[in-house]
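In full-length UniProt numbering, the protein residues as written are 1 to 399. All C-beta atoms, glycine included, are put in the ideal place defined by N, C-alpha and C. Since this is a predicted model, take the numbers as computed values, not measurements. Working notes, structure below.
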């Protein structure tokens, strides 16, 4: 591949690279910052295999050169996420530092010959990359550095998500579905939605599905059953160590967890702490934060929105609390139990039990999110920021 001068002003379209299907080309555009785009132009021809395909779906991914994306993008391209009849255009957002790696990611995707993958585009300007996006998976965020206060990370990443919210508001589909993965994801999702007033607030999600998957795993191991026997698992609250894995409403083989696992002390203590601190233990063992399992949980989160929820079951996702039926403070993003009809939308589950143990912990996570919200008031249009975080409960993966 010939070197591309990102510092030059305008330039004519470069010569096409070696084509695979249709014409593969690189195009430099500069509406705001230098942007590199690599696209596959060919539309699927009408034949027995493709005539039943749906219309192309545009999926934008930030942090696309990172480890989580390295696992996720190939699942998206293969049809594992949106289905075997859903052609996809991947719109990948990186930074000036990652643009070379992003080219490599695009090359690998192209070389994998996924029939459903109709376009790969890469760039560093969200106002270009997010254009017409119907799904936005916001993975990229600054990691927490040595000695960095949590309030500083909230501000630094908050600025990233404020800008991305503005870009989505300006150029994405009016009904774009947004899943925020970059931490602290609940408050980043709040910042993003506050900066995107043209997009429904309920379209924004903070990823807590990995926490739900971890909780299901622990219950299944304790009960000696396969994980698919665990249902109705809710993670309440923040994606931090104040998160609340709900064993009161969860079921194993259709029975309440407390009827199957009678060790209440284990449920209240070891189970809860294991789920809350699972990320830290993984880092100690593996030497890095979770990437593959995070990618799997993003797949699960999307599939839960594009497929009908099984009768009587639900799933967890961090969503906007205004109008919630539980008495949780409004105007924050809080993980709660949801159901979907498979249309990309969801509704909150109303028929959940609540006891003092569960409610006390929910309120603790709520207080933390309200404190985070005060820290980023300058990014949500609510005046001057005031940081009074009660403690450092950030997940190890944010370090």
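Inset, instruction - Count the other C-beta atoms from every protein chain shown that fall within 10 angstroms of the C-beta of residue 226, then say buried if there are 16 or more, exposed otherwise. - result: On the chain shown, residue 226 is found 226 positions in, with the first residue counted as 1. Result: exposed.
Inset, instruction - Determine the extent of the beta strand (DSSP E) in which residue 88 is found, giving its start and end residues. - result: Position 88 of the chain shown, counted from the start, is the residue given in the question as residue 88. Annotation for residue 88: the continuous beta strand (DSSP E) segment containing it runs 88–93.
Legend entry - Limits of the unbroken alpha helix (DSSP H) element including residue 326: For the purposes of this step, residue 326 is identified with residue 326 of the chain shown, where counting begins at 1. Careful: residue 326 lies outside any alpha helix (DSSP H) and carries neither H nor E.
Legend entry - Same chain, Cβ closer than 6 Å to residue 294, neighbours up to 5 away in sequence not counted: Along the chain shown, read from residue 1 onward, the residue named residue 294 stands at position 294. The answer, listed in chain order, is 68 and 210.
Inset, instruction - Classify residue 382 as buried or exposed, calling it buried when 16 or more other Cβ atoms lie within 10 Å of its own Cβ. - result: The residue you call residue 382 lines up with position 382 of the chain shown. Its Cβ having fewer than 16 others within 10 Å, residue 382 is exposed.
Legend entry - 6 Å Cβ shell around residue 247 - same chain, five flanking residues per side excluded: Translated into the one-based positions of the chain shown, residue 247 becomes position 247. Counting only Cβ-Cβ distances below 6 Å, and skipping sequence neighbours, we find 257 and 267.
Inset, instruction - Please report how far the alpha carbon of residue 315 lies from the alpha carbon of residue 212, in whole angstroms. - result: The sequence position of residue 315 within the chain shown is 315, counting from 1. The sequence position of residue 212 within the chain shown is 212, counting from 1. Counting only the Cα atoms, residue 212 lies some 8 Å from residue 315.
Inset, instruction - Indicate the three-state DSSP secondary structure (helix, strand or coil) for residue 308 in the structure shown. - result: Position 308 of the chain shown, counted from the start, is the residue given in the question as residue 308. Looking at residue 308 - three-state DSSP - the assignment turns out to be strand.
Legend entry - Integer-rounded CB distance, given that residue 191 should sit under 8 Å from residue 380: To locate residue 380, count along the chain shown from 1; it is residue 380. To locate residue 191, count along the chain shown from 1; it is residue 191. Right, their Cβ atoms sit about 6 Å apart.
Inset, instruction - From the DSSP output, in three-state form, read off residue 279 for me. - result: In the chain shown, the residue the question calls residue 279 occupies position 279. In this structure, residue 279 counts as helix in the three-state DSSP scheme.
Legend entry - Identity of the residue in 66, 57 and 62 nearest residue 288 by Cα: Mapped onto the chain shown, residue 288 falls at position 288. Out of 66, 57 and 62, 66 has the C-alpha closest to the C-alpha of residue 288.
Legend entry - Residue(s) in a DSSP beta bridge with residue 239: Within the chain shown, residue 239 is the residue found at index 239, counting from 1. Bridge partners of residue 239: none, in fact.
Legend entry - Supposed contact pair residue 330 and residue 322 - C-beta distance, whole angstroms, cut 8 Å: In the chain shown, residue 322 corresponds to position 322, counting from 1. In the chain shown, residue 330 corresponds to position 330, counting from 1. Between residue 330 and residue 322 the Cβ distance is about 4 Å, and since that is below 8 Å, they are a contact.
Inset, instruction - Report the partner residues of residue 354 according to the DSSP bridge assignment. - result: Here residue 354 refers to the residue found at position 354 when the chain shown is read from its first residue. Answer is none; residue 354 lacks a bridge partner.
Inset, instruction - Starting from the C-beta of residue 232, find all residues in its chain whose C-beta is less than 7 Å away, skip the five residues before and the five after it, and write them out in chain order. - result: As a position in the chain shown, residue 232 is number 232, starting the count at 1. Taken in chain order, the residues that qualify are 249, 250, 251, 313 and 314.
Legend entry - Beta-carbon proximity of residue 337 to residue 272, cut-off 7 Å: Taking the chain shown and counting its residues from 1, the one referred to as residue 337 is at position 337. Taking the chain shown and counting its residues from 1, the one referred to as residue 272 is at position 272. Not closer than 7 Å, so no.
Inset, instruction - Count the other C-beta atoms from every protein chain shown that fall within 10 angstroms of the C-beta of residue 281, then say buried if there are 16 or more, exposed otherwise. - result: Taking the first residue of the chain shown as 1, we reach residue 281 at position 281. Counting the other CB atoms within 10 Å of its CB gives residue 281 a total below 16, which places it among the exposed residues.
Legend entry - N-terminal and C-terminal residue of the beta strand (DSSP E) that residue 123 is part of: Along the chain shown, read from residue 1 onward, the residue named residue 123 stands at position 123. Taken as a continuous stretch (DSSP letters only), the beta strand (DSSP E) holding residue 123 covers 117–123.
Legend entry - Where residue 238 falls, given that 16 or more other Cβ within 10 Å makes a residue buried: Locating residue 238 in the chain shown gives position 238, counting from the first residue. Residue 238 comes out buried.
Legend entry - Residues sharing a beta bridge with residue 315, DSSP: Position 315 of the chain shown, counting from 1, holds the residue named residue 315. Answer by DSSP bridge pairing, in chain order: 338.
Legend entry - Entirely enclosed beta strand (DSSP E) segments - the segment 165–203, minimum 3 residues: 177–180, all fully within the segment 165–203.
Inset, instruction - Give me whichever residues DSSP pairs with residue 137 in a beta bridge. - result: On the chain shown, residue 137 is found 137 positions in, with the first residue counted as 1. DSSP, once it has assigned bridges, lists 61 and 179 as partnering residue 137.
Legend entry - Reduced DSSP secondary structure (H/G/I, E/B, other) of residue 389: Residue 389 sits at position 389 when you count from the first residue of the chain shown. DSSP, read as helix, strand or coil, puts residue 389 in coil.
Inset, instruction - Could you tell me which of 279, 357, 61 and 199 sits nearest to residue 265, measuring between CA atoms? - result: Along the chain shown, read from residue 1 onward, the residue named residue 265 stands at position 265. Here the closest residue by C-alpha is 357.
Inset, instruction - Could you please give me the residues that DSSP links to residue 206 through a beta bridge? - result: Here residue 206 refers to the residue found at position 206 when the chain shown is read from its first residue. In the DSSP output, where bridge partners are listed per residue, residue 206 has 180 and 318.
Legend entry - Touch test, the segment 161–169 against the segment 113–127, Cβ-Cβ under 8 Å, three pairs minimum: Under the Cβ criterion (8 Å, minimum of three pairs), the segment 161–169 counts as touching the segment 113–127.
Inset, instruction - Taking residue 129 as part of the alpha helix (DSSP H), name the residues at either end of that continuous run. - result: Position 129 of the chain shown, counting from 1, holds the residue named residue 129. Run containing residue 129: 126–129, per the alpha helix (DSSP H) assignment.
Inset, instruction - Kindly list the residues whose CB is nearer than 8 Å to the CB of residue 101, restricted to its own chain and excluding five residues on each side of it in sequence; keep chain order. - result: For the purposes of this step, residue 101 is identified with residue 101 of the chain shown, where counting begins at 1. Cβ neighbours of residue 101 beyond the five flanking positions: 65 and 94.
Legend entry - Beta-carbon proximity check, residue 186 vs residue 318, cutoff 7 Å: Here residue 186 corresponds to residue number 186 of the chain shown, with the count starting at 1. Here residue 318 corresponds to residue number 318 of the chain shown, with the count starting at 1. Taking 7 Å as the Cβ cut-off, residue 186 and residue 318 qualify as a contacting pair.
Inset, instruction - On the DSSP bridge assignment, give the partners of residue 234 in chain order. - result: Taking the chain shown and counting its residues from 1, the one referred to as residue 234 is at position 234. In the DSSP assignment, residue 234 is bridged to 246.
Legend entry - Any chain D beta carbon closer than 7 Å to residue 326: Structure shown: chain D not included; a single protein chain is present.
Inset, instruction - Give the straight-line distance between the Cα atoms of residue 276 and residue 197, rounded to the nearest whole angstrom. - result: Position 276 of the chain shown holds residue 276. Position 197 of the chain shown holds residue 197. Near 33 Å, if we compare the C-alpha coordinates of residue 197 and residue 276.
Legend entry - Strand pairing of residue 143, partner residues [DSSP]: As a first step, residue 143 must be located in the chain shown, where it is residue number 143. Answer by DSSP bridge pairing: none, since residue 143 is not bridged.
Inset, instruction - Less than 8 Å between the CB atoms is what I'm expecting for residue 133 and residue 59, so what's the real figure, rounded? - result: Translated into positions along the chain shown, residue 133 becomes position 133. Translated into positions along the chain shown, residue 59 becomes position 59. Contact holds; Cβ gap of about 7 Å.
Inset, instruction - Look up residue 99 in the DSSP assignment and say whether it is helix, strand or coil. - result: In the chain shown, counting from the first residue as 1, residue 99 sits at position 99. Residue 99: helix per DSSP, three-state reduction.
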